[in-house]
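Participant: Per full-length UniProt numbering, residue 1 is the first one in the sequence shown, and the count goes up by one each step.
All C-beta atoms in this analysis are idealised placements derived from N, C-alpha and C, irrespective of residue type, glycine included.
Every value quoted in this text rests on a predicted model; they were computed, and no experiment measured them.
I have a structure I would like to understand better, so I am pasting it below and will then ask my questions one at a time.
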Amino acid sequence: MSFLKSMRTAALAVLSVAVLGACSPSAEETSSPSPSPAASDTAASPSPSPSASEASPSPEASPSPSVSPSTDLSAIEVSDEDVPEVTFDAPWGIASTTTRVLRPSEGTQKLNKDSVVTVNYVGVNGTTGEVFDSSYEAGSPVTFALANVVPGFRLGLDGQTVGSRVLIGMPSSDGYPEGNQDGSIKPGDSLLFVVDIVSANFEEATGEAVPPVEGLPAVAEDDEGAPTVTIDSSQQPPAELQVAPLIKGPGEAITAESMIQVKYRSWVWSTGEVFEDAWAPQSGQLAGLIEGWKQGLVGQTAGSRVMLVVPPALAYPEGRTTAPALQPDQTLVYVIDVLDVQNP
1 MSFLKSMRTA ALAVLSVAVL GACSPSAEET SSPSPSPAAS DTAASPSPSP
51 SASEASPSPE ASPSPSVSPS TDLSAIEVSD EDVPEVTFDA PWGIASTTTR
101 VLRPSEGTQK LNKDSVVTVN YVGVNGTTGE VFDSSYEAGS PVTFALANVV
151 PGFRLGLDGQ TVGSRVLIGM PSSDGYPEGN QDGSIKPGDS LLFVVDIVSA
201 NFEEATGEAV PPVEGLPAVA EDDEGAPTVT IDSSQQPPAE LQVAPLIKGP
251 GEAITAESMI QVKYRSWVWS TGEVFEDAWA PQSGQLAGLI EGWKQGLVGQ
301 TAGSRVMLVV PPALAYPEGR TTAPALQPDQ TLVYVIDVLD VQNP
């Protein structure tokens, strides 16, 4: 992301981005099939903690006592408190990863297997009945890509709605088939998770269309849904920053402290040529971006598409000599899809 001022890593979003320097200041229940054998051996964790992701058995680990696996979650009770309590008769096991909706959402945004999600959760060992992990106890929700967690967590959340609370039960093969490092999960242990889905990234701008601003470049889409612009280069560019929402998204609003995930394209006003084609998700702190982004994106919401017309003083007044190169004193036109907003 060349609009960033410094090298940053979007660790929470599990999207590492090397960036260049800028020169400016009623419950439903569903069952999911088990993954392939290779996928079942993935030593990932629903928590982004590196130590938790090392699913290796402790020296004392031994297979859990045999239990007759259930085919559903009917034996599991979950309290409706802000911090849920899970009650069942241990030992307990389940045959395949299954999800039950505990608290439906009125929203419409659905998760998929590639979503980056922010959740609160508690994890309980089905064999012992003991809690082995809880973001509620840690005091704040966690954010991670579903592609990087244990298969059962990914299968259990795929297709669920942002804002809902769900119960996921998974067999050992979809969790930690070899146990985990601290021995709180042993080979053969089924796991239970209660998950509050706080938010998730959008794949593209989603929301209400906003009428275009007269006198600014016209925005259209190519065959793949990426933006194109028509700039009247014979006209003088605006002297001041122009902020023109094109789609108003339903998500969280950007603040000066936000971590944002975006995809964007930009063009040089004087030539109409593409300056940056970054139409793929990437993340960074708003505080590290060019001034035009810092001023123009505060208040915009996740799911939005926004056009910024940025004068040289708020972008690259001296130009750029590194790729992508830019002559001095160039006004830039950005079209940005805001995919996710994380606020402290």
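Roughly how many angstroms lie between the CA atoms of T228 and V78, to the nearest whole one?
Facilitator: Taking the first residue of the sequence shown as position 1, residue 228 is located at position 228. Taking the first residue of the sequence shown as position 1, residue 78 is located at position 78. When rounded, the distance between both Cα atoms is 50 Å.
Participant: For the region 74–94 and the region 177–196, state whether three or more C-beta atom pairs, one from each stretch, are separated by less than 8 Å.
Facilitator: Contact between the region 74–94 and the region 177–196 is present: three or more C-beta pairs spanning the two stretches fall below 8 Å.
Participant: Going by Cα to Cα distance, which pick from V122, A256 and A218 is closest to Q295?
Facilitator: Looking up residue 295 in the sequence shown gives position 295. Comparing Cα-Cα distances from Q295 to each of V122, A256 and A218, the minimum goes to A256.
Participant: If you run the structure through DSSP and keep just helix, strand and coil, what is S26?
Facilitator: Here residue 26 corresponds to residue number 26 of the sequence shown, with the count starting at 1. Because the pLDDT at S26 is just 40, under 50, the model does not fix this residue reliably, and the point stays unresolved.
Participant: I need the DSSP call for F88, collapsed to helix, strand or coil.
Facilitator: The residue given as residue 88 occupies position 88 in the sequence shown. If DSSP states are grouped into helix, strand and coil, F88 belongs with coil.
Participant: At what residue ranges does the UniProt domain "PPIase FKBP-type" (114–201) contain a whole run of the alpha helix (DSSP H), taking only runs of 4 or more?
Facilitator: 135–138 and 151–157
Participant: Quick one: give me the first and last residue of the alpha helix (DSSP H) that E81 is part of.
Facilitator: The residue labelled residue 81 in the question sits at position 81 within the sequence shown. For E81, no alpha helix (DSSP H) encloses it, and the DSSP letter there is neither H nor E.
Participant: Using the Cβ count rule (16 or more neighbours within 10 Å means buried), how would you classify P217?
Facilitator: For the purposes of this step, residue 217 is identified with residue 217 of the sequence shown, where counting begins at 1. Burial call: buried.
Participant: Considering only their Cβ atoms, is the gap separating V219 from E335 smaller than 8 Å?
Facilitator: Here residue 335 is taken as the residue at index 335 of the sequence shown, counted from 1. Here residue 219 is taken as the residue at index 219 of the sequence shown, counted from 1. Residue 335 is actually Val in this sequence, not Glu. Taking 8 Å as the Cβ cut-off, V335 and V219 qualify as a contacting pair.
Participant: Please identify the residue among G225, E214, V243 and P238 whose C-alpha is closest to the C-alpha of K263.
Facilitator: As a first step, residue 263 is located in the sequence shown; it is residue number 263 there, counting from the start. Selected option, being the one with the closest Cα: G225.
Participant: I need the straight-line Cα distance from S105 to A325, nearest angstrom please.
Facilitator: The sequence position of residue 105 within the sequence shown is 105, counting from 1. The sequence position of residue 325 within the sequence shown is 325, counting from 1. Their backbone Cα atoms lie some 47 Å apart in a straight line.
Participant: If you drop the 5 nearest sequence neighbours on each side, which residues of the same chain put their C-beta closer than 6 Å to that of R305?
Facilitator: For the purposes of this step, residue 305 is identified with residue 305 of the sequence shown, where counting begins at 1. Excluding positions up to five away in sequence, the list reads A205, L246, I247 and D337.
Participant: Note down the Cα distance separating E130 from F144, rounded to an integer number of angstroms.
Facilitator: As a position in the sequence shown, residue 130 is number 130, starting the count at 1. As a position in the sequence shown, residue 144 is number 144, starting the count at 1. Spanning the two alpha carbons is a distance of roughly 24 Å.
Participant: Using CA coordinates, which residue listed in K113, T161 and F202 is at the minimum distance from Q281?
Facilitator: Start at 1 with the first residue of the sequence shown, and residue 281 comes out as number 281. One point to set straight first is that residue 281 is Pro, not Gln, in the sequence displayed. Of K113, T161 and F202, the smallest CA-CA separation from P281 is found for F202.
Participant: Helix, strand or coil for A287 per DSSP?
Facilitator: On the sequence shown, position 287 is the one that residue 287 refers to. The answer is helix: DSSP assigns A287 an H, G or I state.
Participant: Cα separation between Q327 and G272?
Facilitator: Sequence index remark: in the sequence shown, residue 327 carries index 327 (1-based). Sequence index remark: in the sequence shown, residue 272 carries index 272 (1-based). Rounded to whole angstroms, Q327 to G272 spans 14 Å at the Cα level.
Participant: Smallest Cα separation from G284: which of A75, V213, I260 and G188?
Facilitator: Here residue 284 corresponds to residue number 284 of the sequence shown, with the count starting at 1. For G284, the nearest C-alpha among the options comes from I260.
Participant: Tell me which residue opens and which closes the beta strand (DSSP E) that P227 is part of.
Facilitator: Within the sequence shown, residue 227 is the residue found at index 227, counting from 1. Counting along the chain, the beta strand (DSSP E) containing P227 begins and ends at P227 to T230.
Participant: Distance, Cα to Cα, D232 vs V268?
Facilitator: If you number the sequence shown from 1, residue 232 lands on position 232. If you number the sequence shown from 1, residue 268 lands on position 268. Approximately 11 Å, taken between the alpha carbons.
Participant: Following the continuous beta strand (DSSP E) through R320, name the residue where it begins and the one where it ends.
Facilitator: Indexing the sequence shown from 1 puts residue 320 at position 320. R320: not part of any beta strand (DSSP E); DSSP gives it neither H nor E.
Participant: Just the C-alpha distance for V213 and A244, rounded to the nearest angstrom, thanks.
Facilitator: If you number the sequence shown from 1, residue 213 lands on position 213. If you number the sequence shown from 1, residue 244 lands on position 244. Their Cα atoms are separated by approximately 7 Å.
Participant: Whole beta strand (DSSP E) runs in the region 210–252 with 3 or more residues, listed along the chain?
Facilitator: 218–221, 227–230 and 242–248
Participant: What is the rounded straight-line gap between the Cα of Q242 and the Cα of V309?
Facilitator: Locating residue 242 in the sequence shown gives position 242, where the first residue counts as 1. Locating residue 309 in the sequence shown gives position 309, where the first residue counts as 1. Straight-line measurement puts the Cα of V309 at about 5 Å from the Cα of Q242.
Participant: Pick helix, strand or coil for A280, following the three-state DSSP scheme.
Facilitator: Here residue 280 refers to the residue found at position 280 when the sequence shown is read from its first residue. Of the three classes helix, strand and coil, the one that applies to A280 here is strand, per DSSP.
Participant: Quick one, which of D158, F153, Y121 and G139 has its alpha-carbon nearest K110's?
Facilitator: Residue 110 sits at position 110 when you count from the first residue of the sequence shown. That would be D158, whose Cα lies nearest to the Cα of K110.
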